[in-house]
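Residue numbers for the sequence shown follow the working numbering, beginning at 1 and rising by one.
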Amino acid sequence: MNDMETQQTFQQLPKTELGVSGTPKNLLFGSAMLLLVAAALYLFCAGYAKVAQDQAVSLDQEIQSTVASLSKDEVTKVLTLDSQIRQLRILLPQHIAASRIFDMLEQNTLPKVTFTSMSFNTDTGSLQLSGTAQSLQDVSLQAAAFKQIPEVKDVAIKDIGITKNASTFNFKLDISIARSFVLPK
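In structure tokens, the structure reads:
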């Protein structure tokens with residue numbers, strides 16, 4: 001009886017179908033889509049690589065034909081010009097623009113003062129001016145005018161004396177200028 005009860009128990013359980021949910025169909029469809037996308041991407045990349053390679057070959061041929069059409073003199077001229085441009089790129093940032101000093105002097109020299117000589121040391125930024133003025137007050141005011149310029153670090157008055165005709169005063173100014181003032185901007 002034991003066998004019979006077991007058979008009846010199995011018969012009493014409801015019967016269910018296994019694997020009817022459709023999961024394998026979705027997996028198959030997803031895999032097929034992924035395969036198609038991968039194939040399309042591969043074909044696109046292969047086509048792009050071919051186009052890029054063709055362009056590189058075309059440009060190489062154009063360069064070769066241009067080089068073949070140039071004479072040795074033209075090539076030498078181009079190389080010389082390239083060398084000069086490279087040297088200018090090195091030299092220009094260190095080039096001194098002394099014309100800015102003349103502009104500064106023109107804008108800041110008092111009417112009663114005349115400068116007779118000038119020297120500028122590019123290494124130290126030291127400007128030496130010799131001049132004449134109608135009075136000692138004019139010399140002092142001229143030094144003060146230069147001290148007001150932002151690029152001027154220091155002004156020193158030296159060697160004050162009376163001219164031979166005793167109508168004016170000789171003087172020298174030592175002016176220290178910021179190096180950035182005379183470098184290209």
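Where a beta carbon is used, it is the ideal one built from N, C-alpha and C, also for glycine.
Since the structure is predicted, the reported quantities are computational estimates derived from the model, not experimental observations.
Problem set entry | Contact check, Phe120 vs Leu105, beta carbons under 8 Å | no
For this session: Report yes if the CB atom of Ser130 is closer than 8 Å to the CB atom of Ser117, and no otherwise.
Result: Yes. Within cutoff.
For this session: Look at the alpha carbon of Asp123 and the alpha carbon of Lys153, and state the distance between them as a whole number of angstroms.
Result: 15 Å
For this session: Go through the region 134 to 185 residue by residue and report every complete run of the beta strand (DSSP E) that reaches 3 residues or more, in order.
Result: 152 to 162 and 169 to 177
For this session: Use the C-beta contact count for Gln187: other C-beta atoms within 10 angstroms, 16 or more gives buried, fewer gives exposed.
Result: With the chain covering 1 to 185 only, the question about residue 187 has no answer from this structure.
Exercise. So is Gly125 buried or exposed if we call it buried at 16+ other beta carbons inside 10 Å?
Worked result: buried
Exercise. Hey, how far is the Cα of Ile101 from the Cα of Asn170?
Worked result: 21 Å
Problem set entry | Length-filtered (3 minimum) beta strand (DSSP E) runs lying within the region 104 to 129 | 113 to 121
Exercise. Out of curiosity, what's the CA-to-CA distance linking Leu136 and Ile160?
Worked result: 9 Å
Exercise. Where Gly19 and Leu28 are concerned, what is the direct C-alpha to C-alpha distance, given to the nearest angstrom?
Worked result: Note that Gly19 scores a pLDDT of 49, beneath 50, so its modelled location is shaky and nothing firm can be said.
For this session: Just confirm the distance between the C-beta atoms of Leu110 and Gln142, as a whole number of angstroms; I'd bet it's less than 8 Å.
Result: With a Cβ gap of about 5 Å, Leu110 and Gln142 count as contacting.
Exercise. Who are the near neighbours of Thr132 in its chain, counting only those whose CB is closer than 7 Å to its CB and skipping five residues on each side?
Worked result: Thr114, Thr116, Thr163, Thr168, Phe169 and Asn170
Exercise. Should Asp138 be labelled buried (16 or more other beta-carbon atoms within 10 Å of its own) or exposed?
Worked result: Taking a 10 Å sphere around the C-beta of Asp138, we find 16 or more other C-beta atoms and assign the residue as buried.
Exercise. So is Leu173 buried or exposed if we call it buried at 16+ other beta carbons inside 10 Å?
Worked result: The residue is buried, with at least 16 neighbouring Cβ atoms inside 10 Å.
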